[in-house]
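Asks: Residue numbers (our numbering): 2 to 310.
Cβ atoms here follow ideal geometry from the backbone N, Cα and C, with glycine treated the same way.
See below:
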């Protein structure tokens, strides 16, 4: 099934008319019609919006249609080139129009000022290209289409200075989890991508409520704040238990066992296997990788906390 048929099927299943879907995506009804008939291909941003609107993965939306993904990438690159050329052309025309009058009136200064439209055009072109790249979100799209992502987390050090190396199947390091600070009754870590940009922050702290109870907090880009905290609950006596809050993902299985599953809306999104200093994370879809990676690190900290008791 091509992506157009998939869009039509999902739209009808959700009870949307073409007009309603067009309004939700900020496009025209004709655009929706062209997508569904296969005359044109949705851009990356529209695919991401439809994924959220229909509550399906990008992979489910395009049905593994690699040609569609290639077409989207080519389309966004072409759009960026056209925007740059158009803006540059407008700037040159503007300079040609104003230059004679400015030179005649102000001489050399007028000649310099006549270049202002060109500079403005180049600035507009740069912004246009940046917006095209941002709106396309091609790296997000490719990540969402990724399947069977497998990562290995290797830990070194104690709970209070833990360093984690993350390796993929090619033994490359797509991200790094590093300890950044020790604070009173707490520790801080940062999760960075391959370029060194921060994608999440993690904090460990002891909350003093009579007895010190540990709490873990992760601020994940694009997700929000997720916490794992230990509390006192009455369950056949007083028992200390860990709870996960702040996201719609649950941890299935024994948190201190050899294997746990991460599930969202009762659907598995990742599995984690622990073996000594290593944790092996398997994620079926790329869009869940950051959340699953951060939760796995929180579980590593939970296990370290429990083992230190």
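List the endpoints of the continuous beta strand (DSSP E) containing residue 194.
Replies: Its beta strand (DSSP E) spans residues 187-194.
Asks: Alpha carbon to alpha carbon, what distance is there between residue 60 and residue 23?
Replies: Near 21 Å, if we compare the C-alpha coordinates of residue 60 and residue 23.
Asks: CA-CA distance, residue 270 and residue 150?
Replies: The straight-line gap from Cα to Cα measures roughly 11 Å.
Asks: How about residue 201 and residue 222: are their beta carbons less than 8 Å apart?
Replies: Taking 8 Å as the Cβ cut-off, residue 201 and residue 222 qualify as a contacting pair.
Asks: Classify residue 48: buried if its beta carbon has 16 or more other beta carbons within 10 angstroms, exposed otherwise.
Replies: Counting Cβ neighbours within 10 Å, residue 48 comes out buried, since at least 16 surround it.
Asks: In angstroms with no decimal places, state the Cα-to-Cα distance between residue 299 and residue 186.
Replies: About 17 Å.
Asks: In terms of residue numbering, what span does the beta strand (DSSP E) encompassing residue 283 cover?
Replies: Taken as a continuous stretch (DSSP letters only), the beta strand (DSSP E) holding residue 283 covers 279-286.
Asks: Just how far apart, CA to CA, sit residue 231 and residue 174?
Replies: Distance between the alpha carbons of residue 231 and residue 174 is about 32 Å.
Asks: Could you check if residue 146 is buried or exposed, using at least 16 other CB atoms within 10 Å of its CB as the buried criterion?
Replies: At residue 146, the pLDDT of 48 sits below 50, so the modelled position is not reliable; the number obtained from the coordinates is stated separately. Burial call: buried.
Asks: Pop quiz: residue 246 and residue 260 are said to be a contact at Cβ under 8 Å. What is the actual Cβ separation, rounded to whole angstroms?
Replies: In fact, because the Cβ distance is near 23 Å, the residues do not count as touching under 8 Å.
Asks: The alpha helix (DSSP H) with residue 55 in it runs from where to where?
Replies: Start and end: 45-55.
Asks: Less than 8 Å separating the beta-carbons of residue 25 and residue 54?
Replies: The answer is yes: Cβ separation under 8 Å.
Asks: With H, G and I counted as helix, E and B as strand and the rest as coil, what does DSSP make of residue 272?
Replies: The answer is strand: DSSP assigns residue 272 an E or B state.
Asks: Between residue 217 and residue 305, how many whole angstroms is the CB-CB distance? I'm expecting something under 8 Å.
Replies: Not really, about 11 Å apart at Cβ, beyond 8 Å.
Asks: Work out the CA separation of residue 42 and residue 256 for me, nearest whole Å.
Replies: About 44 Å.
Asks: Rounded to the nearest angstrom, what separates residue 144 and residue 158 at their Cα positions?
Replies: At residue 144 the pLDDT is 48, less than 50, meaning the model places this residue with poor confidence; the figure from the coordinates comes in the next sentence. Cα to Cα, the separation comes out at about 31 Å.
Asks: Whole-angstrom Cβ separation of residue 297 and residue 282, contact assumed at under 8 Å?
Replies: Indeed they touch by this definition, with Cβ atoms about 5 Å apart.
Asks: So for residue 174, helix, strand or coil by DSSP?
Replies: Of the three classes helix, strand and coil, the one that applies to residue 174 here is coil, per DSSP.
Asks: At which residues does the beta strand (DSSP E) containing residue 311 begin and terminate?
Replies: Lying before the first or after the last residue shown, residue 311 is absent from the chain, which here runs from 2 to 310.
Asks: Taking the alpha-carbon of residue 1 as reference, which of 31, 178, 204 and 154 has the nearest alpha-carbon?
Replies: Any property of residue 1 remains undetermined from this structure, which presents the chain solely from 2 to 310.
Asks: Taking the continuous alpha helix (DSSP H) assigned at residue 21, which residues delimit it?
Replies: That run of the alpha helix (DSSP H) goes 19-26.
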